[in-house]
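Novice: Protein sequences, first through last, are from chains V and C. For the first sequence, the working numbering begins at 1 and goes up steadily by one. For the second sequence, the working numbering begins at 1 and goes up steadily by one. Okay, handing you the structure first.
There are 2 protein chains.
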Amino acid sequence: MNTPPVWSVDARTGARTAEIAVEADSAAVDLAVRDAHAAHPALADRGRRAAFLRAAADRLEADGAALIAAADRETALGTARLTGELGRTCYQLRAFADVVDEGAFLDVIIDHADPAAAPAPRPDLRRWKVPVGVVAVFAASNFPFAFSVPGGDTASALAAGCAVVVKAHPDHPETSELAAAALRAAAVQTGLPAAVVGLVHGRQAGVDLVRHPLVSAAGFTGSIPGGRALFDLAAGRPVPIPFHGELGSLNPVVVTEAAAAERAEEIGAGLAGSFTLGMGQFCTKPGLVFVPEGAAGDRLEKALTGGAAEAAAGPLLDGRMREHFLAGFAERSALPGVSTPVSAGTAGADGWAVSPGYVSVPAGLVAGEQERYQALLEECFGPVTVVARYRDAAEVQAVLARLGGNLTATLHAEPGEEQAAGWLAALTPLAGRVLFGGWPTGVAVAPAMQHGGPYPAATSSATSVGGSAIERWLRPVSYQNVPQQLLPAELRDREADGAGAADGSGSRVPRRVDGVLER
Amino acid sequence: MNTPPVWSVDARTGARTAEIAVEADSAAVDLAVRDAHAAHPALADRGRRAAFLRAAADRLEADGAALIAAADRETALGTARLTGELGRTCYQLRAFADVVDEGAFLDVIIDHADPAAAPAPRPDLRRWKVPVGVVAVFAASNFPFAFSVPGGDTASALAAGCAVVVKAHPDHPETSELAAAALRAAAVQTGLPAAVVGLVHGRQAGVDLVRHPLVSAAGFTGSIPGGRALFDLAAGRPVPIPFHGELGSLNPVVVTEAAAAERAEEIGAGLAGSFTLGMGQFCTKPGLVFVPEGAAGDRLEKALTGGAAEAAAGPLLDGRMREHFLAGFAERSALPGVSTPVSAGTAGADGWAVSPGYVSVPAGLVAGEQERYQALLEECFGPVTVVARYRDAAEVQAVLARLGGNLTATLHAEPGEEQAAGWLAALTPLAGRVLFGGWPTGVAVAPAMQHGGPYPAATSSATSVGGSAIERWLRPVSYQNVPQQLLPAELRDREADGAGAADGSGSRVPRRVDGVLER
Chain V
1 MNTPPVWSVD ARTGARTAEI AVEADSAAVD LAVRDAHAAH PALADRGRRA AFLRAAADRL
61 EADGAALIAA ADRETALGTA RLTGELGRTC YQLRAFADVV DEGAFLDVII DHADPAAAPA
121 PRPDLRRWKV PVGVVAVFAA SNFPFAFSVP GGDTASALAA GCAVVVKAHP DHPETSELAA
181 AALRAAAVQT GLPAAVVGLV HGRQAGVDLV RHPLVSAAGF TGSIPGGRAL FDLAAGRPVP
241 IPFHGELGSL NPVVVTEAAA AERAEEIGAG LAGSFTLGMG QFCTKPGLVF VPEGAAGDRL
301 EKALTGGAAE AAAGPLLDGR MREHFLAGFA ERSALPGVST PVSAGTAGAD GWAVSPGYVS
361 VPAGLVAGEQ ERYQALLEEC FGPVTVVARY RDAAEVQAVL ARLGGNLTAT LHAEPGEEQA
421 AGWLAALTPL AGRVLFGGWP TGVAVAPAMQ HGGPYPAATS SATSVGGSAI ERWLRPVSYQ
481 NVPQQLLPAE LRDREADGAG AADGSGSRVP RRVDGVLER
Chain C
1 MNTPPVWSVD ARTGARTAEI AVEADSAAVD LAVRDAHAAH PALADRGRRA AFLRAAADRL
61 EADGAALIAA ADRETALGTA RLTGELGRTC YQLRAFADVV DEGAFLDVII DHADPAAAPA
121 PRPDLRRWKV PVGVVAVFAA SNFPFAFSVP GGDTASALAA GCAVVVKAHP DHPETSELAA
181 AALRAAAVQT GLPAAVVGLV HGRQAGVDLV RHPLVSAAGF TGSIPGGRAL FDLAAGRPVP
241 IPFHGELGSL NPVVVTEAAA AERAEEIGAG LAGSFTLGMG QFCTKPGLVF VPEGAAGDRL
301 EKALTGGAAE AAAGPLLDGR MREHFLAGFA ERSALPGVST PVSAGTAGAD GWAVSPGYVS
361 VPAGLVAGEQ ERYQALLEEC FGPVTVVARY RDAAEVQAVL ARLGGNLTAT LHAEPGEEQA
421 AGWLAALTPL AGRVLFGGWP TGVAVAPAMQ HGGPYPAATS SATSVGGSAI ERWLRPVSYQ
481 NVPQQLLPAE LRDREADGAG AADGSGSRVP RRVDGVLER
């Protein structure tokens, strides 16, 4: 066996701590996918699926100490943050169990036969959604739980009735193995095959996974180059599959003159807190902030400088990320005319520690010289942000027009400001989530969340957080003139469905019947 | 100007009747897209959009005689069929107006702020869907109205608030121009810019359209090679866009032993009617029919032979289609062991007329020799079908396992048959619509319709017929902590929205508020 070993590495020292697994070769990927494919029909029962998701949350909580210890060693994100992230992950699993129980995601539509219908006689039609099959999930570096093995892609795919094969992130293989074991134990405990959750390691394994004929869809959170390469593979297959990727986001922020005048210190300090949170390793980190010229903007920058200078140094997730971060900061701060009120740099001799920094760009530069300042309009992962001073709204608009898509766009304005509506309208085409005040870091797990956005923020219009994330793993099917007794309970007439309606088996899902929405 | 002319051709004679337009060069495509992009914000008002769709239906009806005459000359589909198709098209436009008025498609979800929420304090979040921008629509050869300029893609995109640029099908340029003129007149009459509907001719124009940076999505109905080439272009763009294509479908039919015994003549005659309908030029034509060996199956074939032999000859849509059809029939009937109870052929000296035919394959052949009989598992456009006799269910299953995705799959079984449920379960993964009895030709315009299916039936999981078709042209956006007065009426609290709720302006859309579905 000459498949390379997979090492767990201590993120604080850069030292290898244990050999966790081996990279999956093509045969191993094929086996994992076939096992998942054979297992996925067992997920057809909604009640069991919901029970499984809840059991998975319970099991992750029970294994919490070991999971958090492994994740902290592998990512250096700290136990406080990781405890919160595990809580969020378990909440998410239970929230999807509720989504499964309610059944609105099935989008049941029933049109009874109507021989007198316009424009032509209509057969009996009943539409709902079925799981797509096996889903490939690509774990993210920066969320070892919430966007990795037990994260939102896995939870939503299982909730949809799909088995998953996760490609572990190399930054946390041990955490991945522990989490997968917890999920598989929960499956078995609920009477499901363990193979509803598979796990593979290795870059080539990810490629093989996306190419596998029995994989029907993929979810991804990561970088633009990696995500785009996999998206291209998914689209280029003989049978293309949907690839729901979250690739990168600059997360622009516009601070109006009035907001700066009113709340300069609060905004400056808030920005410092947001761009350094989790060592800037959030996909929602504000990366470009438009601040007005003049005294109010200067006050804002002063508060930002104070906050950023005081922000703690700390390790990034891995060495490659540190290299990219330092090179990215150097490239941006070397641009002509740009200043670096707080300079980022290495911190300490061990591990991958860095200190936060930010660059400030005088008004007119970015809008005036597009080519030269292009780097400022691109994401740089890690604790860095760019403050672009501006003279007037037209200057901001000119820069916004050149941005790619974003997960978020934020407006700091005063509620009564006349221009606020115009700014919201200008920011909406740029992002999946538009904030009025506050900061984009922090993504609530809630039904109304949209975590996605125009490319490259996402490769589809779907959300990867919140109940609607389940939609990615479903496909509608209509049944025409199928006799009641051959239909699934959710598609039967309720009069005809005495058992289902009476025993609370969950067949009473929200539906649209003959055009009318019913609960 | 050296752009080639676009000719209208009489489908019954093959003769050019008029020069209609010129092919759009890159500059012309660019202009059409820019005009559409500039026009699309005018569609933001839902009330006006609904009025426009209804005015478009009225205008198409008013221009019906001219439209039907042009379409009949260009397609030879006959005035009866075209009258029906235009009625269906107008019904569809009005049905989408109702969808716009109701507003359920906006998928409004509101989560009020909750400082005590688990797993973390929650901001105020309000999610709905916004139009994606300009949509490119590729018209189909075989439906000059219902899947062309004024068809389902256009209607659903306009309903979503998107402007469209249609790439006309070369088989009916005059019909396309007349229909576009009707739509544009309706727009102007409703106070909208005419440019919400653009029209271009020419193959390269289609390529330019899919590549244009201001085009945000595409809808397509046509062939596998053409559709796949455009899909690849859409996915390969620097900013990929969704490409909702309907490419091809074999539409398998399984007739059980019991159904054949009970209804051999009815099924045989029904099949003859279905595969010859519209000269077999439906994407839902049954192309592979599994019929049991033995006496009942023989009776079925006898009825099929009678019906197919009596079916009228008639012209296909164009000369290329006739060539493909004749070559396809010859290829299939030349396979060893295959018989041709009714042989297709040319009919008459003029135009593109052909007569229907079918091939019959003895049991065991298709299941036994995969490579050799592959052609029988591929769509052949035009009035031809393949009857595959079978010995047992396992033989049918073996062939079904090799099929690509389909728009439809049909089961002819007796309601009480024990195996019926198993057959429905086996057919569901193959198709977007599963029929119990009847024939797949005939696609009801109804909320519960699913017209789509696994690739190559469709390149996405969307439907192109029925109210859900609007979903293709929308993108979700969440607003976080945005003050009530800056939100669209549909996202405001109803207490705070006195005006909207009271004046019936349409702001009372179905919503999910704090987890509860509301009408």
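Glycine included, C-beta positions come from ideal geometry on N, C-alpha and C. Computed from a predicted model, the values in this text were never measured in an experiment.
Which of helix, strand or coil does DSSP assign to residue 5 of chain V?
Specialist: Residue 5 of chain V: strand per DSSP, three-state reduction.
Novice: Mapping the DSSP letters down to three states, classify residue 10 of chain V as helix, strand or coil.
Specialist: DSSP places residue 10 of chain V in coil when its eight states are reduced to three.
Novice: Compare the C-beta of residue 298 of chain C against all C-beta atoms of chain V and say whether one is closer than 7 Å.
Specialist: So no, residue 298 of chain C is outside the interface.
Novice: Look at the alpha carbon of residue 295 of chain C and the alpha carbon of residue 480 of chain V, and state the distance between them as a whole number of angstroms.
Specialist: The alpha-carbon atoms of residue 295 of chain C and residue 480 of chain V are separated by roughly 29 Å.
Novice: I need the straight-line Cα distance from residue 511 of chain V to residue 99 of chain C, nearest angstrom please.
Specialist: When rounded, the distance between both Cα atoms is 16 Å.
Novice: Under 7 Å between the Cβ atoms of residue 318 of chain C and residue 171 of chain C?
Specialist: Going by C-beta atoms, residue 318 of chain C is nearer than 7 Å to residue 171 of chain C.
Novice: Leaving aside the five residues before and after residue 193 of chain C along the sequence, list all residues of the same chain whose C-beta is less than 7 Å from its C-beta, in chain order.
Specialist: Cβ neighbours of residue 193 of chain C beyond the five flanking positions: 39, 42 and 187.
Novice: Would you say residue 6 of chain V and residue 455 of chain C are within 7 Å of each other, going by their C-beta atoms?
Specialist: Contact: no.
Novice: Which runs of the alpha helix (DSSP H) at least 4 residues long sit entirely within the segment 98-186 of chain V? Give them in chain order.
Specialist: As far as the segment 98-186 of chain V is concerned, its whole alpha helix (DSSP H) runs of at least 4 residues are 152-160.
Novice: Give the single residue among V/297, V/243, V/241 and V/279 whose Cα lies nearest to the Cα of residue 268 of chain V.
Specialist: The shortest C-alpha separation from residue 268 of chain V is found at V/297.
Novice: Residue 387 of chain V: buried (16+ other C-beta within 10 angstroms of its C-beta) or exposed?
Specialist: Looking at its Cβ environment, which holds 16 or more other Cβ atoms inside 10 Å, residue 387 of chain V is buried.
Novice: Between residue 497 of chain V and residue 393 of chain C, what straight-line distance do the alpha-carbon atoms span, to the nearest angstrom?
Specialist: In this prediction, residue 497 of chain V scores a pLDDT of 49, lower than 50, which makes its location untrustworthy; the coordinate-derived value is nonetheless stated afterwards. If you take the alpha carbons of residue 497 of chain V and residue 393 of chain C, they lie about 30 Å apart.
Novice: Determine the DSSP secondary structure at residue 212 of chain V, reduced to helix, strand or coil.
Specialist: Looking at residue 212 of chain V - three-state DSSP - the assignment turns out to be coil, as it is neither helix nor strand.
Novice: Can the beta-carbon of residue 526 of chain C be found less than 7 Å from the beta-carbon of residue 54 of chain C?
Specialist: For residue 526 of chain C there is no data in the structure shown, the boundaries of chain C being 1 and 519.
Novice: Are the C-beta atoms of residue 50 of chain V and some chain C residue less than 7 Å apart?
Specialist: By this cut-off, residue 50 of chain V is not an interface position.
Novice: Expressed to the nearest angstrom, what Euclidean distance is found between the alpha-carbon atoms of residue 262 of chain C and residue 272 of chain C?
Specialist: Their backbone Cα atoms lie some 18 Å apart in a straight line.
Novice: Counting only Cβ pairs nearer than 9 Å, list the residues of chain V close to residue 110 of chain C.
Specialist: Near residue 110 of chain C (Cβ distances below 9 Å), the residues of chain V are 447 and 448.
Novice: Excluding the 5 residues flanking residue 490 of chain V on each side, which residues of the same chain have their C-beta closer than 7 Å to its C-beta?
Specialist: Hits under 7 Å: 103, 106, 108, 128, 507 and 509.
Novice: For residue 477 of chain V, collect the residues of the same chain with a Cβ closer than 6 Å to its Cβ; drop the 5 residues on either side in sequence, then sort them by chain order.
Specialist: Around residue 477 of chain V: 130.
Novice: May I ask which residues mark the beginning and end of the beta strand (DSSP E) holding residue 37 of chain C?
Specialist: Not the beta strand (DSSP E): residue 37 of chain C falls in the alpha helix (DSSP H), residues 26-39.
Novice: Please name the residue or residues paired with residue 276 of chain V in a DSSP beta bridge.
Specialist: Note: residue 276 of chain V sits in no beta bridge, so no partner.
Novice: Return the chain-ordered list of same chain residues with a C-beta closer than 8 Å to the C-beta of residue 306 of chain V, the five sequence neighbours on each side being excluded.
Specialist: Counting only Cβ-Cβ distances below 8 Å, and skipping sequence neighbours, we find 268, 269 and 272.
Novice: Just the chain C side, please: which residues come within less than 7 Å of residue 87 of chain V by C-beta, in chain order?
Specialist: Going along chain C in sequence order, the residues near residue 87 of chain V (Cβ under 7 Å) are 119.
Novice: Can you list, in chain order, the residues of its chain with a C-beta nearer than 8 Å to that of residue 81 of chain C? Leave out the 5 residues immediately preceding and following it.
Specialist: Answer for residue 81 of chain C: 278, listed in chain order.
Novice: Please list, in chain order, the chain C residues whose beta carbon lies closer than 7 Å to that of residue 11 of chain V.
Specialist: Within chain C, no residue comes near residue 11 of chain V; the closest Cβ sits about 24 Å away, beyond 7 Å.
Novice: Residues of chain C with a CB under 9 Å from the CB of residue 441 of chain V: which are they?
Specialist: Within chain C, no residue comes near residue 441 of chain V; the closest Cβ sits about 12 Å away, beyond 9 Å.
Novice: Excluding five sequence neighbours on each side, which residues of the same chain lie with their C-beta closer than 6 Å to the C-beta of residue 214 of chain C?
Specialist: For residue 214 of chain C, where only same-chain residues beyond five positions count, the Cβ hits under 6 Å are 33, 37 and 134.
Novice: First and last residue of the alpha helix (DSSP H) that includes residue 230 of chain V?
Specialist: Element bounds for residue 230 of chain V: 224-236.
Novice: Taking CB distances under 7 Å as the criterion, tell me whether residue 501 of chain C reaches chain V.
Specialist: Residue confidence is low: residue 501 of chain C scores 44 on pLDDT, short of 50, so the model does not pin down where it sits. Its coordinate-derived value is still stated next. It does not: the Cβ of residue 501 of chain C has no partner Cβ on chain V nearer than 7 Å.
Novice: Does the segment 329-338 of chain V touch the segment 366-386 of chain V, meaning 3 or more C-beta pairs lie closer than 8 Å?
Specialist: The answer is yes - the segment 329-338 of chain V touches the segment 366-386 of chain V, with three or more Cβ pairs under 8 Å.
Novice: Can you name the residues of chain C whose CB is closer than 9 Å to the CB of residue 207 of chain V?
Specialist: The premise fails here: residue 207 of chain V is roughly 17 Å from chain C at the closest Cβ pair, so nothing lies under 9 Å.
Novice: Can you tell which of C/434, C/146, C/482 and C/17 has its C-alpha closest to the C-alpha of residue 282 of chain C?
Specialist: Checking every option, the nearest Cα to that of residue 282 of chain C belongs to C/146.
Novice: For chain C, is any of its Cβ atoms less than 7 Å away from the one on residue 393 of chain V?
Specialist: Not an interface residue.
Novice: Just verifying my parser: in three-state terms, what is the DSSP assignment at residue 61 of chain V?
Specialist: If DSSP states are grouped into helix, strand and coil, residue 61 of chain V belongs with the helices.
Novice: Let's see if you can read the secondary structure: which residues bound the beta strand (DSSP E) around residue 480 of chain V?
Specialist: From DSSP, the beta strand (DSSP E) with residue 480 of chain V extends over 474-480.
Novice: Applying the 10 Å Cβ sphere with the 16-neighbour rule, what's the burial state of residue 603 of chain C?
Specialist: Outside the shown range of chain C (1 to 519) lies residue 603 of chain C, about which nothing can therefore be said.
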